[in-house]
Ligand code: PNW
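Given below as structure tokens:
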């Protein structure tokens, strides 16, 4: 046991950020309070057959009212940093025009509470909850939405830029664009492949416009986006499977990384999607390609894919999924590689995380990297005494932190790690059926109880690294 000598077997660099992440719609509740307007997720949750059990984020884990308790729990874990998202509908209910001071105040109070507890606030400006009036005007496939986003971002930055140093613009534009507008598994539930490509482009454009606006006010702040990256492997040595892997890597990873970090779209992805008429304006690429101070990597799993005919495996982004989010590559099959899975059915492969981090370091211009999400969801129940023993989550986090450690040893500028999630919460199309938290929430009483994984993570943070293997 290395704790006896007070030094971890796998130490992380001094100043490494140890965090946990959440998102507004998944935790806040208070959906109609203090002037908050409706977002696409409020609407989607009310559409029958879209969210398991008809669950909604109306109450969620009531973080809007319980944030002081939650900040106390973070302090108890020893978190150095906390990643949360800001609800656009709270700050600007119509998505344009008037700002809601009461909404901004909530985030001022949250940020102040975090700073007082010695925890660095890491807000994300867009974690999927588009104000409904903007969707009514066409949503992300409309170019104007990118400009509305930059205005909103600028307003939040004006309110918090003196106290918040690290800013994330958009979270997982892949999910927002392709689950929202192609497969329809997420809000707004549209199934329009051509529109989904425009949505992806405008999410990126909104990122660029927002960074430009915020940076002009406070050049010393750090700006970036958070993308969900996957390691991608072909199922066999068959060239058709290699082509499938190229396509999925293109749509999932390079469609976002290349514009952000290289200022261009990947030619092969443009070719794969050509029949959808995707023809982005080159001037937009210059705007998207802002210098980045940080890049957030959300990592959960590896995709194993085949281009050869056969039986398709279910990819579980929704219990109701039927349409493909893989625009232009709908024939690709996702096949099980036989690894153990989490409660989401996602295959556990920590080697994919080091692979992604090392690849970013080797193939793209240098940028400080942060793992902004990584975690495991299960359908778990507490024991009779209300405690949760979650050895599988501990093993998942331990393995992925070891992968981070390996990447750092290989020279990757990885500066922090945020686990998903601080608390059990509303897991999108899965409602409250899947739990990702380090802290269990009893949804009937809103009682919070740290799981075994919370104590494990607190010890990792305390030691500044992973314990030795026993
Ligand atoms: C991410 N997929 O969501 C989000 O950023 C979180 O809000 C979410 O709770 C977490 O991961 C766990 O799901 C994803 O189907 C949802 O590929 C679906 C997919 C990926 C990420």
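Residue numbers (full-length UniProt numbering): 7 to 476.
Even for Gly, the Cβ is constructed at its ideal location relative to N, Cα and C.
Checklist line | Under 8 angstroms between C-beta atoms of residue 183 and residue 206 | finding: yes
Checklist line | Cβ neighbour criterion (16 or more within 10 Å) applied to residue 287 | finding: exposed
Notebook entry, point to check: Considering only residues of the same chain and omitting the five flanking positions on each side of residue 373, which have a CB-CB separation below 6 angstroms?
Noted result: 298, 301
Notebook entry, point to check: Which runs of the alpha helix (DSSP H) spanning at least 4 residues fall entirely within the stretch 9-93, listed in chain order?
Noted result: 30-33, 46-51, 69-83
Checklist line | Range of the contiguous beta strand (DSSP E) that encloses residue 131 | finding: 126-132
Checklist line | Span separating the alpha-carbon of residue 159 from that of residue 172 | finding: 13 angstroms
Margin query: How far does the alpha helix (DSSP H) with residue 164 in it extend, from its first residue to its last?
Written below: 149-166
Checklist line | Rounded Cβ spacing between residue 438 and residue 432 (contact assumed at less than 8 angstroms) | finding: 6 angstroms
Next item on the list: For residue 369, count neighbouring C-beta atoms within 10 Å of its own C-beta (all shown protein chains included) and say buried if the count is 16 or more, exposed if not.
Entry: exposed
Next item on the list: Tell me whether residue 380 counts as near the ligand PNW, meaning its Cβ is closer than 7 angstroms to at least one heavy atom of that ligand.
Entry: no
Next item on the list: Check residue 309 in the structure and name its three-state DSSP category.
Entry: strand
Check: DSSP puts residue 270 in a beta bridge; with which residues?
Finding: Answer is none; residue 270 lacks a bridge partner.
Next item on the list: Using three-state DSSP, classify residue 412 as helix, strand or coil.
Entry: helix
Checklist line | residue 457 versus residue 282: straight-line alpha-carbon distance, rounded | finding: 47 angstroms
Next item on the list: Quick one: residues in its chain with C-beta nearer than 6 angstroms to the C-beta of residue 132, no 5 flanking neighbours on either side, listed in chain order?
Entry: 176
Margin query: Please identify the residue among 187, 66, 293 whose C-alpha is closest to the C-alpha of residue 216.
Written below: 293
Notebook entry, point to check: CB-CB under 6 angstroms to residue 80, same chain, minus the five flanking residues each way: which ones, in chain order?
Noted result: 88, 125
Check: How many angstroms separate the CA atom of residue 7 from the CA atom of residue 474?
Finding: Here residue 7 scores only 43 on pLDDT, less than 50, and its place in the model should not be relied on; the value that follows carries that caveat. About 7 angstroms.
Next item on the list: On the DSSP bridge assignment, give the partners of residue 228 in chain order.
Entry: 172
Note to self: Tell me whether residue 51, by its Cβ, gets closer than 7 angstroms to a heavy atom of the ligand PNW.
What the structure shows: no
Check: Can you round the beta-carbon distance between residue 192 and residue 146 to whole angstroms, since I take them to be within the 8 angstroms contact cut?
Finding: Residue 192 to residue 146, Cβ: 12 angstroms. No contact.
Note to self: Suppose the cutoff is 8 angstroms on Cβ atoms and the five residues either side in sequence are ignored; what does the same chain contact list for residue 208 look like?
What the structure shows: 146, 147, 148, 149, 151, 152
Check: How should residue 395 be labelled, buried or exposed, when 16 other C-beta atoms within 10 angstroms of its C-beta is the threshold for buried?
Finding: exposed
Next item on the list: Return yes when at least one heavy atom of the ligand PNW lies under 7 angstroms from the C-beta of residue 383, else no.
Entry: yes
Check: Near residue 385, which residues of its chain fall below 8 angstroms by C-beta distance, leaving aside the five closest residues on each side in sequence?
Finding: 349, 439, 440, 441
Check: Looking at residue 436 and residue 58, is the spacing between their C-beta atoms short of 8 angstroms?
Finding: yes
Item checked: Rounded separation between residue 9 and residue 469 - CA only -> With a pLDDT of 45 at residue 9, under the threshold of 50, the modelled position of this residue cannot be trusted; read the value that follows with caution. If I take the Cα positions, the gap works out to 8 angstroms.
Check: Out of 129, 310, 140, 330, which has the shortest C-alpha to C-alpha gap to residue 246?
Finding: 310
Note to self: Suppose contacts are defined by Cβ-Cβ distances below 8 angstroms. Is residue 393 in contact with residue 333 by that definition?
What the structure shows: no
Check: Using the C-alpha atoms, what's the distance from residue 70 back to residue 476?
Finding: Unreliable placement is indicated for residue 476, whose pLDDT of 41 sits below 50; the coordinate value is still reported in the next sentence. The alpha-carbon atoms of residue 476 and residue 70 are separated by roughly 42 angstroms.
Check: When you compare only the Cα positions, how much space is there between residue 419 and residue 375?
Finding: 6 angstroms
Next item on the list: Starting from residue 354, trace the alpha helix (DSSP H) both ways and give me its first and last residue.
Entry: Looking at the DSSP string, residue 354 is not in any alpha helix (DSSP H), and its letter there is neither H nor E.
Margin query: According to DSSP, simplified to helix, strand and coil, what is residue 476?
Written below: Low local confidence applies: a pLDDT of 41 at residue 476 is under 50, so the model's placement there is unreliable, with the coordinate-based value given in what follows. Reduced to three states, the DSSP call for residue 476 is coil.
Next item on the list: Have a look at residue 353 and residue 383 and give me their C-alpha separation to the nearest angstrom.
Entry: 12 angstroms
Check: Looking at C-alpha atoms only, which residue of 41, 40, 56 is the closest neighbour of residue 47?
Finding: 56
Note to self: Is it buried or exposed, residue 273, if we count other Cβ atoms within 10 angstroms and call 16 or more buried?
What the structure shows: exposed
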